[in-house]
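Top line first, the protein sequences correspond to chains A and B.
What the first sequence shows, in our numbering, is residues 1 to 129, in sequence order.
What the second sequence shows, in our numbering, is residues 1001 to 1202, in sequence order.
Here a beta-carbon is modelled for each residue, glycine too, at the ideal position from N, C-alpha and C.
These numbers were taken from a predicted model, which means no experiment stands behind them.
See below for the structure under consideration.
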Amino acid sequence: MNDCVSIVIVSHSPEVARGAADMVREMVGTEVRVAHCGGNPAGGLGTDVGAILRAIESVYGPKGVAMLIDLGGAETNSEMAIEMLPEEMRKNVVICNAPIVEGAVMAATEAAGGASLQAVRATAEEFLS
Amino acid sequence: MAPDRLQRLIDAASANIAAHEEELTTLDRAIGDGDHGANMRRGFAAIEAAGAEISSLEFGAALQKAGMTLVMSVGGASGPLFGSLLMAMGKSAPAVPANAAAVAAMLTEGIESVKKRGKGDVGAKTMLDVLVPVRDAIASGDDPIAAARAAADAGLAATRDMKATKGRASFLGERSIGHLDPGARSSALLVHAICDVLEERK
């Protein structure tokens, strides 16, 4: 299982994050580890740096982690969480510039084939072009 | 810094944010997603809840702890933005700055961290449009407290006619013109709260 890039999904909405993760598992299977989080620390819409950190750590492996995130604060909080990781993990976690649901499915599909983090990210971001 | 002075700074900042939560929400509803008031109130309430621990620390460590508390509790982009501001200021100034020039130098470190975190600069209708003129005023004014207050108010007012190019407000483009920036407003509220304590008005 550690042979695959893992996926972390971060949305302002816990339901969107969970739903996107469900779609990945349904369409790609379970060999790619997927973590998701959504909502602010008080449970409302928003994102939570601590929850993002825990999500990354829960699926982190030697091939790295590709993150799919939604708007604004999700990006700032995800970048903050990445910076708070131990230095050796930091360079193995990337944020994909891709739509959250489509990007997660595309990234996981690529990851399932054993692709590198760079290839997973490129595949997710291809969706934009 | 004496623990009671740090505690008074925490209380004043938290109280001023809480007193203006509705205003911040209204400003953010106009050009953002309407969560800035609640997010900032939650962040500063968390700092207040940790007030005894924070105010027992050395000045720089206290700022860093307060910044980290914002990062972990706010839930929006303003957490890492205001959090990075305080953490970088605290890192650059282990002890209370000795004079206005040292305060300005500390603020410069914070401002650089905000620019990096937000990938922005002055003129984009953000908190930087208050922080940078406040820093400049502190560096150059004879009366740094009065100068900081005036620069905060002028900087905030100037955001009204700016077009947002950063954050959620940038989605609105031209339609962001005519509204004050909520992050600039909360920055001004913090500047005034700090000045109040420094002037012993509270």
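Not a single C-beta of chain A is nearer than 8 Å to the C-beta of residue 1008 (chain B). The residue among B:1087, B:1058, B:1115 with its C-alpha nearest the C-alpha of residue 1095 (chain B) is B:1058. For residue 109 (chain A), no CB of chain B lies under 8 Å from its own CB, so it is not counted at the interface with that chain. With a threshold of 16 other beta carbon atoms within 10 Å, residue 30 (chain A) falls short and is exposed. Neighbours of residue 1073 (chain B) in chain A, taken as residues whose beta carbon is under 7 Å from its own, are 41 in chain order. Checking the DSSP bridge columns, you'll see residue 106 (chain A) has no partner listed. Residue 36 (chain A) is bridged by DSSP to A:9. With a beta-carbon spacing of about 6 Å, residue 73 (chain A) and residue 46 (chain A) fall inside the 8 Å limit used to define contacts.
In the three-state scheme derived from DSSP, where H, G and I count as helix and E and B as strand, residue 65 (chain A) is classed as strand. With a cutoff of 8 Å on beta-carbon distance, residue 1089 (chain B) and residue 1068 (chain B) are scored as not near each other.
Here residue 24 (chain A) is not near residue 81 (chain A), since their CB atoms are 8 Å or more apart. At a C-beta separation below 8 Å, residue 50 (chain A) has these neighbours in chain B: 1072. With respect to the C-alpha of residue 1077 (chain B), the residue from B:1051, B:1064, B:1114 having the closest C-alpha is B:1114. Interface with chain B (8 Å Cβ-Cβ cutoff): residue 29 (chain A) is excluded. Rounded to the nearest whole angstrom, the C-alpha separation of residue 1066 (chain B) and residue 1138 (chain B) is 23 Å.
Uninterrupted beta strand (DSSP E) stretches at least 3 residues long and entirely within the segment 1002-1079 of chain B do not occur. For residue 120 (chain A), the enclosing alpha helix (DSSP H) has its first and last residue at 117-126.
In its chain, beyond the 5 residues on either side, 96, 98, 103, 106, 107 have a beta carbon closer than 6 Å to the beta carbon of residue 124 (chain A).
Annotation for residue 94 (chain A): the continuous beta strand (DSSP E) segment containing it runs 93-95. Between residue 1125 (chain B) and residue 1098 (chain B) the beta-carbon gap is near 34 Å, outside 8 Å, which marks them as no contact. Per the C-alpha coordinates, the member of B:1183, B:1192, B:1200, B:1198 positioned closest to residue 1023 (chain B) is B:1183. Fewer than three beta-carbon pairs drawn from the segment 1046-1056 of chain B and the segment 45-62 of chain A are found closer than 8 Å, and the two stretches are therefore not classed as touching. Contact check between the segment 1001-1008 of chain B and the segment 1139-1153 of chain B: fewer than three CB pairs, one atom from each, fall below 8 Å, which does not count as touching. Chain-order list of chain A residues neighbouring residue 1039 (chain B): 40, 46, by C-beta distance under 8 Å.
Between residue 1180 (chain B) and residue 1160 (chain B), the CB-CB gap stays under 8 Å.
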